[in-house]
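One structure is given below, encoded as structure tokens.
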Amino acid sequence: MIHLLTFTIFSPLLGLAGLSLVPRGRESAMRVVAFLASLIPLVLSVVLWTRFRGTGDFEFLEILPWLQGYKVDYRIGVDGFSLPLIVLTTLLVPLVILQSWKDYAGKVRGFLVFLLVLETGLIGVFSALDLFLFYVFWEAMLVPMYFLIGGWGGERRIYAAVKFVLYTMVGSLLMLAAILYLYVAGGHSFNLTDLYTLQIPHKAQILCFAAFALAFAIKVPVFPFHTWLPDAHVEAPTGGSVLLAGVLLKMGTYGFLRFAMPLFPEAAATFVPVFVLLAVIGIIYGSLVSMVQPDLKKLVAYTSVAHLGFVVLGLMSRTPEGVMGASLQMINHGISTGALFLLVGMIYERRHTRQIAEFGGLATTMPLYTVLFLIVTVSSIGLPATNGFVGEFLILMGSFKANPITAALAATGVIFGAVSMLWMVKKVFFGPVTKEANKSLVDLSAREVAVMIPLIVLIFWIGVAPGFLTHKMEKSVTRFIERVK
Amino acid sequence: MNWQVFLSFATPILSLLGGGLLILLLAPLAKRFVPSLILLVSVLFLGFSLIAAWGGWSSGTPLSLGLMLFDRMAYAFDFILLLAALLSLLLSKDYLPEENIKDGEYYALILFATAGGMIIAHAADLIVLFLGLEVASLSAYVLTGMKRNVIKSYEASLKYFIMGSIASGFFLYGIAMAYGAAGSTSFAALQKLSLPPAEPILVFAAVAMILIGVGFKVAAVPFHLWSPDVYEGAPTSVTAFMATAIKTAGFAALIRIALSLGHIPQIPWTNILATLAALTMTVGNLVALRQHNIKRMLAYSSIAHAGYALVGVTAALQKNSLAESTIAAILFYLFAYSLMTVGAFAVVIAIGRRGDQAEELTDYSGLAQKHPFLAGAMALFLFSLTGMPPTIGFVGKFYLFSGAIEAGLYGLVIVGVLNSAVSAYYYLGPIVKMYFQKERDYVLPPISYTLLATIVLCVFIVIYLGLFPSDVFLMARESVREIVF
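If you're matching them up, the sequences are chains A and B in order. Going by the numbering used here, the letters in the first sequence line up with residues -10 to 474, in that order. Going by the numbering used here, the letters in the second sequence line up with residues 7 to 491, in that order.
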């Protein structure tokens, strides 16, 4: 089918058209329209997945001239790194819509609109092969996220939303300067495949890499640029947090993978020790801080810092295992942390609090919820047979090859992460039911179970038989390492 | 002097001057019988001028007739000026009766000011440039004071007049110096100035004083102090006109002067212009952060945008720059900036009413609930002013900064890019208020169709050219290919 990728990117906008036709007040109709519209990109991305051959080159290429004066093209394509991320995105959005079925009464339309626009931006970022197009999607994605946090978020939402936008913008604007420099120095092209072959003087490489890396480091987030994350995650509405943690953070690591490291390999090599250090600090710091959080969402937010520290570690090892593990872990983190936020959203819907102290003994009143939460927790920790294990193991193996000491330190982070999550689980689920309000909680409804099923299935499928995923990534990993070494 | 040739080429200017005179004659009569006749006549003359300018642009061959020149760049400036004037007139239609500005002179003065700007664009001689500058400025001084019963308007007008006259004095003195150095005030003579100049002191003094004069008109720092007070005190439709048309005219003057004197290596053009640009951007953006009146905020935003355009002028004078693309970028940016600013002021007008101008930022609280279209349009214009894709503001900045990188002005681009990030903060402020704060107790006045049509037009162009700017940019580049100076 022609233009499959373009349809995948822009099909959420069909939902926009549909939503505008629904008369005001018919909120269930809006939700149905949005849900059905979000299934279209999901189906399309699965079709892309089945037809993807994993050659290591960019597939499903589409090239259209756009700004003639500057040789900017509308150039899109996917490879083994971007396609899984796209499928992840298209999977999470319908789940978010399903999960939020009863929320935001009175302001549903805006929520769904921004959600769909965000989806378009996200898929676009992962498909762009032209630096200008990438930048457009990257920046454009800030607006819907800003509105989602500011309009449907928690108490300190405006502070969180503005902080998110400004912090990210500073990084991206410096990246714009670097992109323009690359354009001028690189023979006036924004074409990524051309730029990969460019030889840039070392000093210029350092500056450009620094600019790109700053923008991506803020997104990932790499310690110490992570301070926007807890606020944004906590104050965002559940659906916003799911996409923020599940997909947006991956944009940062994807940026390293696709742009910063292969475009400037020598500079990347120079910076590797710095990033390895920051990654290890992030892993240990993130896990330790998450242990003492009283707020459930903030706890998960800090574990994200830790998990993505693993991904950065894997990338920086520049070994096949490390990079494969990193790429895999990007997907895994999206699934597990997305699932965690969805589950937190479900309990928030019932009790309107996220303070751990307010819970206790939920296993008695909500056994099904407990089981699902436990599954997702062990996936997040990295228990064998779950997806987290495969990713973390590969990363540690790869990073051990590069530097045994940092790998050992990072491995201790696994333990801290386990402590933090299991401690939380004990406080929330096990023991006697101490608070009155918890005694009358209703267990998960069919809709909520339906939301979790795809994620749980993937947790085990990737955990036990990750081949279907890694098979498509292999050649891209090899290609990446060739470019970076 | 071949009068027929002159008349045919100068039709755009002459039609406006004739139209203005006609309105001055008609006004007292028309007021009594058909009030909207004057507006119609003005629009007709502007339209006729636009057609004549289009004819001039298409005819191609550049022509210099001693005192005036007719090349494509001049006509391109004419387009921007005429568009700005047309939009301002559309804004005025219902604003004037509300503000009790009954005088037909308003329309005549707008036409005269635009004609003055066009004279600047078509000037081949410093004296003619000065003439155009004065025609435009004197009209602007009077227009500022047209809110008869409001003292702020008087104060603004007087301030503008006094400070503007001092600046014009500097400019005139500079012309005298230039005459002393070159023996003639024509641009042709200035361009042929021998190197090294026979009288260096005269040339330095000339450039310095001329730049002071032009710097005032463009509201560059440190000649900007008049701008916020004048923009705040003037009737809002006049502010919109001044911020767009008069500023564009100022840049037309600057570009011509820079192009004709830019070849003198003894004058440190790069240092002067780069310092002006950096100061203007930074001071404009930083002070805007503290504003709580939207007209003042937009005034400082105008100052900052003039700073970005000055980056373009700095770049155009570099030896290794692609001068064509860079000057085209400045033209495009002035066009884009005019559209966004007129749109923003249109929304400001829409919200105010006699007696309660609603110019404080707090007056925008909850606008999104009351009037989603106005809020959405304002949000779009503010995002465009920040430079977020996919709006025309982003594309404009992209072209400008590309040109600057091409010219090697890396430091200036970084300053520009960081300034854009800073500006996001104060542009987001009204958006936060409109969307995320409670409605204030205020009934919106009914909004006229003309106003709505203007806003819709600006919204459409901001988005359309944000996505497909090629044609307009190529046209701008075509305009700059064969300039007379």
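We treat Cβ as the ideally placed atom computed from N, Cα and C, and that holds for glycine.
Q. At a Cβ threshold of 7 Å, is residue 158 of chain A touching chain B?
A. Counting from 1 along the first sequence, the entry for residue 158 of chain A is found at position 169. With 7 Å as the cut-off, residue 158 of chain A counts as an interface residue toward chain B.
Q) Is it a yes or a no for the stretch 117 to 133 of chain A touching the stretch 185 to 197 of chain A, going by three-plus beta-carbon pairs under 8 Å? A) no
Q | Helix, strand or coil at residue 65 of chain A according to DSSP, with G and I counted as helix | A | The count along the first sequence starts at 1 and reaches residue 65 of chain A at position 76. Residue 65 of chain A falls in the strand class under three-state DSSP.
Q: Report the neighbours of residue 420 of chain B on chain A: residues whose CB is nearer than 8 Å to its CB, in chain order.
A: Position 414 of the second sequence, counting from 1, holds the residue named residue 420 of chain B. What residue 420 of chain B touches in chain A: 163 and 166.
Q | Beta-carbon proximity check, residue 97 of chain B vs residue 52 of chain B, cutoff 7 Å | A | Within the second sequence, the letter at position 91 stands for residue 97 of chain B. Within the second sequence, the letter at position 46 stands for residue 52 of chain B. No, the pair does not count as a contact, with Cβ atoms beyond the cut-off.
Q) Along chain B, which residues have their Cβ under 7 Å away from the Cβ of residue 154 of chain A? A) Residue numbering aside, residue 154 of chain A sits at position 165 when the first sequence is read from its first letter. Those within 7 Å of residue 154 of chain A in chain B are 430 and 434.
Q) Closer than 7 Å, CB to CB, is residue 128 of chain A near chain B or not? A) On the first sequence, position 139 is the one that residue 128 of chain A refers to. Answer yes: the Cβ-Cβ gap between residue 128 of chain A and chain B drops below 7 Å somewhere.
**Q.** Identity of the residue in B:17, B:370 and B:348 nearest residue 357 of chain B by Cα
**A.** Locating residue 357 of chain B in the second sequence gives position 351, where the first residue counts as 1. It is B:370 whose Cα lies nearest to the Cα of residue 357 of chain B.
Q: Leaving aside the five residues before and after residue 485 of chain B along the sequence, list all residues of the same chain whose C-beta is less than 6 Å from its C-beta, in chain order.
A: The residue labelled residue 485 of chain B in the question sits at position 479 within the second sequence. Excluding residues within five positions, the ones whose Cβ falls inside 6 Å are 78, 79 and 82.
Q: Measure the alpha-carbon distance for residue 215 of chain B versus residue 168 of chain A and round it to whole angstroms.
A: Here residue 215 of chain B refers to the residue found at position 209 of the second sequence. Here residue 168 of chain A refers to the residue found at position 179 of the first sequence. Distance between the alpha carbons of residue 215 of chain B and residue 168 of chain A is about 38 Å.
(Q) So, at 8 Å on beta carbons, what are the nonlocal neighbours of residue 350 of chain B in its own chain, with the 5 sequence-adjacent residues on each side left out? (A) Taking the first residue of the second sequence as 1, we reach residue 350 of chain B at position 344. Same-chain partners within the cutoff: 304, 384, 387, 388 and 391.
Q: Please report how far the alpha carbon of residue 222 of chain B lies from the alpha carbon of residue 282 of chain B, in whole angstroms.
A: Your numbering for residue 222 of chain B matches position 216 in the second sequence. Your numbering for residue 282 of chain B matches position 276 in the second sequence. If you take the alpha carbons of residue 222 of chain B and residue 282 of chain B, they lie about 12 Å apart.
Q. Going by beta carbon distance, what residues of the same chain come within less than 6 Å of residue 151 of chain B, once the five residues before and after it are set aside?
A. One-based indexing of the second sequence puts residue 151 of chain B at position 145. Correct list, in chain order: 159, 160 and 163.
Q. Candidates A:349, A:280, A:158 and A:269: which alpha carbon is nearest residue 394 of chain A's?
A. Position 405 of the first sequence, counted from the first residue, corresponds to residue 394 of chain A. Comparing Cα-Cα distances from residue 394 of chain A to each of A:349, A:280, A:158 and A:269, the minimum goes to A:269.
Q: Indicate whether at least one CB of chain A lies closer than 7 Å to the CB of residue 426 of chain B.
A: Within the second sequence, numbered from 1, the residue matching residue 426 of chain B stands at position 420. Output row for residue 426 of chain B: interface = yes.
Q) Bridge partners of residue 344 of chain A, per DSSP? A) Working through the first sequence from its first residue, we reach residue 344 of chain A at position 355. Residue 344 of chain A pairs with A:284.
Q) Roughly how far, in whole angstroms, is the beta-carbon of residue 310 of chain B from the beta-carbon of residue 158 of chain A, given that I think they are within contact range, below 8 Å? A) Stepping through the second sequence from its first residue, residue 310 of chain B is reached at position 304. Stepping through the first sequence from its first residue, residue 158 of chain A is reached at position 169. Rounded, the Cβ-Cβ distance is 15 Å, inconsistent with contact.
**Q.** Inter-residue spacing [alpha-carbon to alpha-carbon] between residue 331 of chain A and residue 229 of chain A
**A.** As a first step, residue 331 of chain A is located in the first sequence; it is residue number 342 there, counting from the start. As a first step, residue 229 of chain A is located in the first sequence; it is residue number 240 there, counting from the start. Each residue's Cα considered, the two are about 10 Å apart.
Q. Taking just the CA atoms, how far does residue 39 of chain A sit from residue 75 of chain A?
A. For the purposes of this step, residue 75 of chain A is identified with residue 86 of the first sequence, where counting begins at 1. For the purposes of this step, residue 39 of chain A is identified with residue 50 of the first sequence, where counting begins at 1. Taking the straight line joining both Cα atoms gives about 13 Å.
(Q) How far does the beta strand (DSSP E) with residue 476 of chain B in it extend, from its first residue to its last? (A) On the second sequence, position 470 is the one that residue 476 of chain B refers to. Per DSSP, residue 476 of chain B belongs to no beta strand (DSSP E); it is in the alpha helix (DSSP H), 476 to 486.
Q.
Under 7 Å, Cβ to Cβ, is there at least one residue of chain B near residue 194 of chain A?
A. Numbered from 1 along the first sequence, position 205 holds the residue referred to as residue 194 of chain A. Closer than 7 Å: no.
(Q) Assess contact between the stretch 377 to 394 of chain A and the stretch 295 to 314 of chain A, defined as three or more Cβ pairs (one per stretch) separated by less than 8 Å. Is contact present? (A) yes
Q: Check whether the Cβ of residue 476 of chain B lies closer than 7 Å to any Cβ atom in chain A.
A: The sequence position of residue 476 of chain B within the second sequence is 470, counting from 1. Closer than 7 Å: yes.
Q) Around the C-beta of residue 207 of chain A, are 16 or more other C-beta atoms found within 10 angstroms, so that it is buried, or is it exposed? A) In the first sequence, counting from the first residue as 1, residue 207 of chain A sits at position 218. Its Cβ being crowded by 16 or more others within 10 Å, residue 207 of chain A is buried.
Q) Smallest Cα separation from residue 227 of chain A: which of A:300, A:385 and A:138? A) Here residue 227 of chain A refers to the residue found at position 238 when the first sequence is read from its first residue. Per the Cα distances, A:138.
Q.
Counting C-beta neighbours from all protein chains within 10 Å, is the total for residue 177 of chain A 16 or more, i.e. buried, or is it exposed?
A. As a first step, residue 177 of chain A is located in the first sequence; it is residue number 188 there, counting from the start. The residue in question, residue 177 of chain A, is exposed, as its Cβ has fewer than 16 Cβ neighbours within 10 Å.
Q.
Taking the straight line between their C-alpha atoms, what separation do you get for residue 482 of chain B and residue 332 of chain B?
A. Against the second sequence, residue 482 of chain B aligns to sequence position 476. Against the second sequence, residue 332 of chain B aligns to sequence position 326. Near 10 Å, if we compare the C-alpha coordinates of residue 332 of chain B and residue 482 of chain B.
Q: Quick one: list the residues of chain A neighbouring residue 333 of chain B, beta-carbon separation under 7 Å, in chain order.
A: One-based indexing of the second sequence puts residue 333 of chain B at position 327. The premise fails here: residue 333 of chain B is roughly 13 Å from chain A at the closest Cβ pair, so nothing lies under 7 Å.
Q | Contact set between residue 423 of chain B and chain A, taken where Cβ atoms lie within less than 8 Å | A | Here the question's residue 423 of chain B lines up with position 417 in the second sequence. Within chain A, the residues near residue 423 of chain B are 162, 163, 165 and 166.
Q: Quick one: list the residues of chain B neighbouring residue 140 of chain A, beta-carbon separation under 8 Å, in chain order.
A: Here residue 140 of chain A refers to the residue found at position 151 when the first sequence is read from its first residue. What residue 140 of chain A touches in chain B: 441 and 442.
Q: Assign residue 15 of chain A to buried or exposed, taking buried as 16 or more other Cβ atoms, counted over all protein chains shown, within 10 Å of its Cβ.
A: Sequence index remark: in the first sequence, residue 15 of chain A carries index 26 (1-based). Exposed, by the Cβ-count rule.
Q) If we ignore side chains and look at the alpha-carbon of each, how far apart do residue 474 of chain B and residue 114 of chain B end up? A) Position 468 of the second sequence, counting from 1, holds the residue named residue 474 of chain B. Position 108 of the second sequence, counting from 1, holds the residue named residue 114 of chain B. If you take the alpha carbons of residue 474 of chain B and residue 114 of chain B, they lie about 36 Å apart.
Q) Counting only beta-carbon atoms, is residue 484 of chain A nearer than 7 Å to chain B? A) Any property of residue 484 of chain A remains undetermined from this structure, which presents chain A solely from -10 to 474.
Q. Assuming residue 198 of chain A and residue 260 of chain A make a contact with CB atoms under 8 Å, what is their CB distance in whole Å?
A. In the first sequence, counting from the first residue as 1, residue 198 of chain A sits at position 209. In the first sequence, counting from the first residue as 1, residue 260 of chain A sits at position 271. Sure, about 6 Å apart at Cβ, within 8 Å.
Q. Using the C-alpha atoms, what's the distance from residue 233 of chain A back to residue 98 of chain A?
A. Here residue 98 of chain A refers to the residue found at position 109 of the first sequence. Here residue 233 of chain A refers to the residue found at position 244 of the first sequence. Residue 98 of chain A and residue 233 of chain A: Cα-Cα distance of roughly 20 Å.
Q | Contact with chain B by residue 125 of chain A, beta-carbon distance below 7 Å | A | Against the first sequence, residue 125 of chain A aligns to sequence position 136. Yes, its Cβ sits closer than 7 Å to a Cβ of chain B.
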